[in-house]
Each structure stands twice: as C-alpha cells, then as structure tokens.
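Remarks on the structure that follows.
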Amino acid sequence: MQRIIVIFGPPGAGKGTQAKFLSDKFNIPQISTGDILREAVKKGTSLGAQAQSYMSRGALVPDEVMVGIVEERIKDKDCSNGFILDGFPRTIAQTEKLEKLLQKRGTPLTQVINLKISDKEIIKRLTSRRVCRSCNAIYNLLVNPPKVKGKCDVCGGELYQRDDDKEEVVKKRLKIYADETTPVLNFYSKRKLLKELDGSRSINEVQGAVLAIFQLLLTQ
Ligand code: AP5
4 MQRIIVIFGP PGAGKGTQAK FLSDKFNIPQ ISTGDILREA VKKGTSLGAQ AQSYMSRGAL
64 VPDEVMVGIV EERIKDKDCS NGFILDGFPR TIAQTEKLEK LLQKRGTPLT QVINLKISDK
124 EIIKRLTSRR VCRSCNAIYN LLVNPPKVKG KCDVCGGELY QRDDDKEEVV KKRLKIYADE
184 TTPVLNFYSK RKLLKELDGS RSINEVQGAV LAIFQLLLTQ
C-alpha cells in the first residue's frame, strides 16, 4: 500500500526537518513545495520569476500554480510507492484539489501530521535557521549548528539565511498561516486523518513521535 503523508504546521514548525528524516529513513520522496519554488528562483525559470515576488513578502503563491507543480511532481516514477508532502496543501482550494488528484490516482491520503508550536518559538527558530544553497540541508544556529561555521556538514555547500526568515516577514507568514492555512486542519480533522504532535519538543523527541506514527501506519 502506498503511504501518502502530509507534514503540516506553521512556518518553522519543523516540517522540512521531519519530512527529510522520514524520507531518508523509509526511502520515500519528500515533496517540499517551498524547496521546489526556491530551486526555480535559483535557476531563474519563469516559475521562479513568478514565485519570487510572493515568497519574498511572505505571501502564498497562487493555488493554480502550486496545484500544477504538485500534479506534475507526483506523476514521477519515484512517487509510485508513496510520498511525503511538506508545505502543501496550505489553502482549502489546494486541499480539495489534492483530494481529487489522489482520487484519480486511486491512492487516498494516509495521514496528516500536524506539528503544533507557539509563535514565539517559531520566530526564535526561523531567525536562527540557515539552509544549504546546494543540498537544502537545514540547520539552526541555536540547536543544530553546522560543524564548520557557514558550511554544510553534508556537502560542504554555503549556508545562507532565507529572505523570508527576517522577523517582519515571519510575522506576515504567521498571519497568512492563521487566516488561510488553519482551516485545512478542520477539513482533515473531519475526515479523521489528523494526528497532532507537540512540535516544540527537541528535534529528536519530535522525530521519535513522528516515527511512532509512521511505524504504526506500516502495520496497517
Ligand atoms: P516553505 O518553504 O514551505 O515555508 P514554511 O511552510 O513557511 O515552512 P518553513 O520551511 O519556514 O519551516 P519548516 O516547518 O519546514 O521548518 P524547518 O524544518 O525548516 O514555503 C516558503 C514560501 O513558499 C511560502 O511563504 C510561500 O510563499 C511559498 N509556498 C510554498 N508552498 C506553498 C503552497 N503550497 N502554496 C502557496 N505558496 C507556497 O525548521 C525551522 C528551523 O527550526 C530550522 O532551523 C530547524 O533546524 C529548527 N528546528 C526544526 N525542528 C526543531 C525542533 N524540534 N526544535 C528546535 N529547532 C527545530
């Protein structure tokens, strides 16, 4: 059976960190819509040019663009045994469209894991986040720093701070999350697909909780 998991939560909740952990451990692709958009910006594609103006001010990229990206990505061969969505869906329109795409594919959503965390902790995490320009590995100067300052432990790439991790942009992203993304939780709760976790615990503790959910799914 294919496992299709959504890792959900506000900006900085740890979605990327946990999705990467599950992806590596179970060899299931992580589909991070934020990473796809940042890659497009880096390559200077027309998608990147379109997305950049939204991303730099913390706004959401239009639904039809995002749905198109996911629709294409999940057709790739590596998704044939399931996948982990990180950062999608984040509006009700995206959620409804995902449901239709999965119905068409004959593979319903398995589980949505929501990482809960306070705004105060999010601001602390995001303003101290650093990301590898080459392989997208995620670090945190406070709790998960690189071994060598400014260099990625995995590939030696340069670490940088995302433009949207500046405090004023983070606050805008949080407002958009509250207004446009939290209704998605209610949608999944009604469908009994939602598992809530305390995302404010340490990376290892959250990993343990995510792993326990995933291992249970493997037995079903
Ligand atoms: P996206 O990249 O998806 O950003 P986000 O959802 O705001 O999430 P983040 O990547 O900021 O955080 P995260 O939850 O992955 O946390 P992480 O693991 O890195 O989207 C960026 C933009 O793209 C959007 O604003 C929008 O413009 C556009 N976009 C993307 N998808 C879209 C969509 N579907 N629709 C429309 N627009 C879209 O962790 C954060 C930090 O905390 C790191 O430093 C990490 O090391 C640290 N950390 C992680 N876990 C812990 C822990 N347990 N304890 C302490 N520190 C931790």
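Numbering-wise, the sequence shown is residues 4 to 223 according to our numbering. Ideal Cβ positions, reconstructed from N, Cα and C, are used throughout, including at glycine. Model, not experiment: these values are computed from the prediction.
Cβ-Cβ distances below 7 Å link Met69 to Thr36, Phe91, Gln97 in the same chain, with the five nearest sequence neighbours on each side left out; the list follows chain order. Around the CB of Gln106, fewer than 16 other CB atoms lie within 10 Å, so the residue is classed as exposed. Taking one beta carbon from each stretch, the stretch 124-136 and the stretch 158-171 have 3 or more pairs nearer than 8 Å; the two touch. Taking a C-beta distance under 8 Å as the contact criterion, Val9 and Leu112 qualify as a contact pair.
Relative to ligand 1, the beta carbon of Asn189 is positioned no closer than 7 Å to any heavy atom.
Taking 8 Å as the cut-off, the beta carbon of Asn84 is found closer than this to the beta carbon of Gln5. A direct Cα-Cα distance of roughly 16 Å separates Asp27 from Gly17. A straight line joining the alpha-carbon of Ser192 with that of Leu219 spans about 19 Å.
Looking at the DSSP output, Tyr191 shares a beta bridge with no other residue. In the structure shown, Ile179 adopts helical secondary structure according to DSSP, grouped into three states. Taking a contact to require three or more Cβ pairs closer than 8 Å, the stretch 174-183 and the stretch 138-157 do not qualify as touching.
For Phe217, the enclosing alpha helix (DSSP H) starts and ends at 206-222.
Residue pairing by DSSP places Tyr142 opposite Arg133 in a beta bridge. With a contact defined as Cβ atoms closer than 8 Å, Leu200 and Val115 miss out at about 11 Å.
In this chain, the alpha helix (DSSP H) harbouring Ser26 covers 18-29.
Here Asn30 is exposed, its C-beta having fewer than 16 other C-beta atoms within 10 Å.
At least one heavy atom of ligand 1 lies less than 7 Å from the C-beta of Lys18. Here Leu129 is buried, its C-beta having at least 16 other C-beta atoms within 10 Å. In this structure, the straight-line span from the alpha carbon of Val209 to that of Glu67 is close to 32 Å. If only uninterrupted alpha helix (DSSP H) runs of at least 4 residues are considered, those enclosed by the stretch 61-122 are 66-76, 95-108.
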